[in-house]
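Participant:
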Amino acid sequence: MKCATAKRLLQDHLDRTLLPMDRAAIESHLHECDSCRAEGFRLRLVTRGLDRLPEPDVPQDFAARVMADLPEMLPAQHGAGHLLRWGLVAAAALFGFLASLTLLVRESGPEVARQTLEPLAASLHLGALLLAHAAGAIATVLDAASHALAIADWPAKLLFVVVFVMAHAALIAALRRYQPLMATAPRRSGRA
Amino acid sequence: MTSRDPDASIVPDEELVRRVLCGERDAYAILVRRHQGKIVAFVQRMVVDRDAALDVAQETFIKAWQHLARFDPKWRFTTWLYTIANNSAIDWLRARKRLPLSLDQPMMIDGEEVSREPVDELQSSATDMLSAKEMQQHLEAAIAALPPGFRELLLLRHPGGRSYDEIAEITKLPLGTVKNRIFRARQALKDRLGTLLPADV
């Protein structure tokens with residue numbers, strides 16, 4: 001083994017993470033090479049010194065000060081707030097869905113009130129399906145985001161808003177796409 | 001604040017977290033007392049400022065409390081706590097522009113460039129036998145002179161022997177980067193301590 005290779009493997013050797021074959025090779029080299037042995041010994045001293053760094057003194061009242069500065073609300077109550085937020089999300093999604101339906105009915109014209117019942121049923125069915133998918137997607141993304149961004153609160157909130165708006169836009173776009181199916185079929189039957 | 005649980009010392013962290021989330025506020029005091037020493041030590045060596053370290057450590061425990069409902073039990077509590085402590089320390093350094101980027105750039109502490117010359121060239125008593133206490137002081141100074149991007153990884157590894165995988169999880173860095181930086185940081189310490197370290201086995 002060359003010195004360059006040995007020096008590259010020295011720290012893995014100190015960490016005891018080398019494969020047996022590499023370990024045998026470097027140990028053999030260290031036995032023969034004064035320079036690499038000295039390098040390894042110094043690195044070992046540094047590592048040992050790092051592992052023995054003492055903990056500094058912590059003021060006696062440190063924990064008491066932390067506890068005194070904690071918000072009154074318990075984390076579990078934050079959890080309840082989390083549920084409340086999800087409730088608001090569901091309510092907002094439902095409101096958005098109903099608003100989308102209102103828009104569709106208005107664009108179809110007042111003369112199709114009767115005909116709207118069928119599209120309404122169809123759109124409710126479609127909307128429910130889309131909403132379920134959108135909610136599932138939001139929940140998945142939020143769950144992943146809340147783990148990935150567990151520390152910083154605001155990015156998760158921002159992501160939440162972006163995902164919600166995009167999911168909602170997709171829902172409306174999908175409903176608009178199905179509008180001709182809902183609006184034209186009853187009209188044709190009405191004209192006949 | 002005292003615990004209601006006489007066997008608190010043997011209760012796992014994750015169980016204490018569960019108790020806190022069930023409304024047992026005192027369980028959090030046990031967690032704070034259990035980890036305060038290591039967290040203060042880590043933060044103090046990161047920010048190189050005793051008073052600031054206590055503030056940042058306190059902020060760490062308060063942030064952990066505020067976000068405890070998001071703690072995922074599949075993680076170790078300490079991994080999560082060190083993630084918060086590390087981020088808080090980095091934020092503190094960033095706010096004070098104490099973040100040199102690499103081992104090759106000039107290192108500034110309190111507005112002054114830190115020498116990279118080996119300690120033995122700076123000390124008149126270089127060849128004297130150093131006590132363990134003196135060696136520790138030199139080591140602390142050498143750690144403080146490392147760029148924070150290397151210091152954080154080194155201090156997550158030592159003391160305590162945290163695995164490279166866990167450090168990668170805490171810092172969100174690739175495993176290869178973690179190992180490479182820790183190796184380079186140890187090498188930099190060895191070079192800085194120079195001949196203070198005996199060369200023979």
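Residue numbers (our numbering), protein chains in the order written: chain A, 1 to 192; chain B, 1 to 201.
We treat Cβ as the ideally placed atom computed from N, Cα and C, and that holds for glycine.
#1: Residue 77 of chain B versus chain A: which residues are under 8 angstroms apart at the beta carbon?
#2: Could you tell me which uninterrupted alpha helix (DSSP H) segments, each at least 4 residues in length, are contained entirely in the segment 142-181 of chain B, listed from first to last along the chain?
#3: According to DSSP, simplified to helix, strand and coil, what is residue 67 of chain B?
#4: Please look up how many angstroms separate the CB atoms of residue 10 of chain A and residue 43 of chain A, rounded, as I've assumed it's under 8 angstroms.
#5: For the segment 132-142 of chain B against the segment 22-31 of chain B, do three or more pairs of beta-carbon atoms, one drawn from each stretch, fall closer than 8 angstroms, so that the two count as touching?
#6: DSSP three-state label for residue 20 of chain A, please.
#7: Could you compute how far the alpha carbon of residue 213 of chain B sits from the alpha carbon of residue 158 of chain B?
#8: Quick one: does residue 159 of chain B have its CB under 8 angstroms from some CB of chain A?
#9: Is the Cβ of residue 27 of chain A closer than 8 angstroms to any Cβ of chain B?
#10: Measuring CA to CA, which of A:51, A:98 and A:95 is closest to residue 160 of chain B?
#11: Could you tell me which chain A residues have their CB closer than 7 angstroms to the CB of residue 33 of chain B, listed as they occur along the chain?
#12: Nearest-angstrom Cα distance between residue 165 of chain A and residue 159 of chain A?
#13: Report the neighbours of residue 186 of chain B on chain A: residues whose CB is nearer than 7 angstroms to its CB, in chain order.
#14: State yes or no: is the C-beta of residue 13 of chain A within less than 8 angstroms of the C-beta of residue 23 of chain A?
#15: Quick one: using the 10 Å Cβ neighbour count with 16 as the cut-off for buried, is residue 173 of chain A buried or exposed?
#16: Leaving aside the five residues before and after residue 84 of chain B along the sequence, list all residues of the same chain whose C-beta is less than 7 angstroms from its C-beta, in chain order.
#17: Could you tell me if the beta carbon of residue 1 of chain A falls within a distance shorter than 7 angstroms of some heavy atom in the ligand SAM?
#18: Please list, in chain order, the chain B residues whose beta carbon lies closer than 8 angstroms to that of residue 22 of chain A.
#19: Helix, strand or coil for residue 24 of chain B, going by three-state DSSP, please let me know.
#20: From the DSSP output, in three-state form, read off residue 33 of chain A for me.
#21: With distances taken between CB atoms, is the gap from residue 156 of chain B to residue 188 of chain B smaller than 8 angstroms?
#22: Let's see if you can read the secondary structure: which residues bound the alpha helix (DSSP H) around residue 12 of chain A?
#23: Determine, using beta carbons only, whether residue 150 of chain B comes closer than 8 angstroms to chain A.
#24: Output the distance between the C-alpha atoms of residue 134 of chain A and residue 168 of chain A, rounded to the nearest integer angstrom.
#25: Name the residue from A:53, A:62 and A:91 whose alpha carbon lies nearest to the alpha carbon of residue 56 of chain B.
#26: Buried or exposed: which applies to residue 88 of chain B, given that a residue is buried once 16 or more other Cβ atoms fall within 10 Å of its Cβ?
#27: Kindly indicate which three-state DSSP category residue 74 of chain B falls into: helix, strand or coil?
#28: For residue 29 of chain B, decide whether its Cβ has a neighbour in chain A, counting only Cβ atoms nearer than 8 angstroms.
#29: Which whole-angstrom value describes the C-beta separation of residue 56 of chain A and residue 58 of chain B, a residue pair presumed to lie in contact below a C-beta threshold of 8 angstroms?
#30: Could you tell me whether any Cβ in chain E is nearer than 8 angstroms to the Cβ of residue 162 of chain A?
#31: Quick one: which chain A residues come within Cβ less than 8 angstroms of residue 40 of chain B?
#32: Count the other C-beta atoms from every protein chain shown that fall within 10 angstroms of the C-beta of residue 153 of chain B, then say buried if there are 16 or more, exposed otherwise.
#33: For the alpha helix (DSSP H) holding residue 69 of chain A, just list the boundary residues, first then last.
#34: To the nearest angstrom, how far is it from the Cα of residue 46 of chain A to the Cα of residue 174 of chain B?
#35: Under 8 angstroms Cβ-Cβ, which residues of chain A neighbour residue 46 of chain B?
#36: What residues of chain A sit near residue 173 of chain B, judged by a beta carbon separation below 9 angstroms?
Facilitator: Short version:
#1: Listed along chain A is no residue with a C-beta nearer than 8 angstroms to that of residue 77 of chain B; the closest approach is about 13 angstroms.
#2: Runs of the alpha helix (DSSP H) inside the segment 142-181 of chain B: 148-157 and 164-171.
#3: The answer is coil: DSSP assigns residue 67 of chain B none of H, G, I, E or B.
#4: Rounded, the Cβ-Cβ distance is 6 angstroms, consistent with contact.
#5: With the cut-off at 8 angstroms, the segment 132-142 of chain B and the segment 22-31 of chain B do not touch.
#6: Note: residue 20 of chain A maps to helix in three-state DSSP.
#7: Chain B is shown only over 1 to 201; residue 213 of chain B falls outside these bounds and no answer can be derived.
#8: Yes, residue 159 of chain B counts as interfacial toward chain A.
#9: At a cut-off of 8 angstroms between C-beta atoms, residue 27 of chain A does not count as an interface residue with respect to chain B.
#10: Ranking the options by Cα distance to residue 160 of chain B, first place goes to A:51.
#11: Ordered by position in chain A, the residues that pass the 7 angstroms Cβ test against residue 33 of chain B are 63.
#12: Roughly 10 angstroms separates the two Cα atoms.
#13: In chain order, 11, 43, 46 and 47 make up the part of chain A whose C-beta sits under 7 angstroms from the C-beta of residue 186 of chain B.
#14: Yes.
#15: Its Cβ having fewer than 16 others within 10 Å, residue 173 of chain A is exposed.
#16: If we look at residue 84 of chain B and ignore the five residues flanking it on each side, its Cβ neighbours are 60, 63 and 64.
#17: The ligand content of the structure shown is nil, which means the ligand SAM is not present either.
#18: What residue 22 of chain A touches in chain B, judged by beta-carbon distance under 8 angstroms, is nothing: the nearest beta carbon there is about 15 angstroms away.
#19: Judged by DSSP in its simplified three-state form, residue 24 of chain B adopts coil rather than helix or strand.
#20: Note: residue 33 of chain A maps to coil in three-state DSSP.
#21: Cβ distance not < 8 angstroms, so residue 156 of chain B and residue 188 of chain B don't count as in contact.
#22: Segment 3-14, the alpha helix (DSSP H) holding residue 12 of chain A.
#23: No, because no Cβ of chain A sits closer than 8 angstroms to the Cβ of residue 150 of chain B.
#24: Going from the Cα of residue 134 of chain A to the Cα of residue 168 of chain A covers about 8 angstroms.
#25: When the alpha-carbon of residue 56 of chain B is set against those of A:53, A:62 and A:91, the nearest one is in A:62.
#26: Buried, because 16 or more other Cβ atoms sit within 10 Å of the Cβ of residue 88 of chain B.
#27: Residue 74 of chain B falls in the coil class under three-state DSSP.
#28: True, the Cβ-Cβ gap to chain A drops below 8 angstroms.
#29: Contact between residue 56 of chain A and residue 58 of chain B is ruled out by a C-beta separation of about 14 angstroms, above the 8 angstroms threshold.
#30: You won't find chain E in this structure, because its protein chains are A and B.
#31: Result: 55, 56, 58 and 62.
#32: Buried: at least 16 other Cβ atoms inside 10 Å.
#33: Secondary structure note for residue 69 of chain A: its alpha helix (DSSP H) is the uninterrupted segment 62-69.
#34: Near 24 angstroms, if we compare the C-alpha coordinates of residue 174 of chain B and residue 46 of chain A.
#35: By Cβ distance, chain A contributes nothing, its closest Cβ being about 12 angstroms from residue 46 of chain B, past 8 angstroms.
#36: Result: empty, since nearest Cβ-Cβ is about 14 angstroms, beyond 9 angstroms.
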